[in-house]
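Trainee: In my numbering, the protein residues as written are 6 to 91. Heads up, the beta-carbon is just placed ideally off N, CA and C, and yes, glycines get one too. This structure is a prediction, so every number in the text was calculated from the model and none was measured.
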């Protein structure tokens with residue numbers, strides 16, 4: 006049986022290796038931010054909508070922003086535990 010973290014990790018492999026460090030950098034840069042810079046949140050949504058989901062999330066939806074940020078934070082933590090990013 007596959008655990009939830011492994012399932013998220015397997016999904017995250019759709020994100021190209023070449024941009025994983027960029028995603029990790031965005032998450033680290035905004036780790037304690039209350040209000041994210043527009044460029045950073047737009048970038049995360051672009052990555053999420055392009056590689057992680059079949060139904061795009063709406064950047065204008067507060068719940069969607071929380072979901073994407075939370076999931077991407079989890080993905081980066083998993084990558085770091087598996088040494089997927091530098």
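Give every residue of the same chain whose Cβ lies closer than 7 Å to the Cβ of residue 79, excluding the five residues on either side of it in the sequence, and list them in chain order.
Mentor: Cβ neighbours of residue 79 beyond the five flanking positions: 13.
Trainee: Let me confirm a value: residue 126 is counted as buried when at least 16 other C-beta atoms fall within 10 Å, else exposed. Which label applies?
Mentor: Residue 126 cannot be examined here, being either before or after the span of the chain that is shown, 6 to 91.
Trainee: With burial defined as no fewer than 16 other Cβ atoms inside 10 Å of the residue's Cβ, what is the status of residue 44: buried or exposed?
Mentor: The residue is exposed, with fewer than 16 neighbouring Cβ atoms inside 10 Å.
Trainee: Just to confirm, are residue 84 and residue 36 a CB contact at a threshold of 9 Å?
Mentor: It is not a contact, given that the beta carbons lie outside the stated cut-off.
Trainee: What residue range is occupied by the uninterrupted alpha helix (DSSP H) comprising residue 29?
Mentor: From DSSP, the alpha helix (DSSP H) with residue 29 extends over 22-34.
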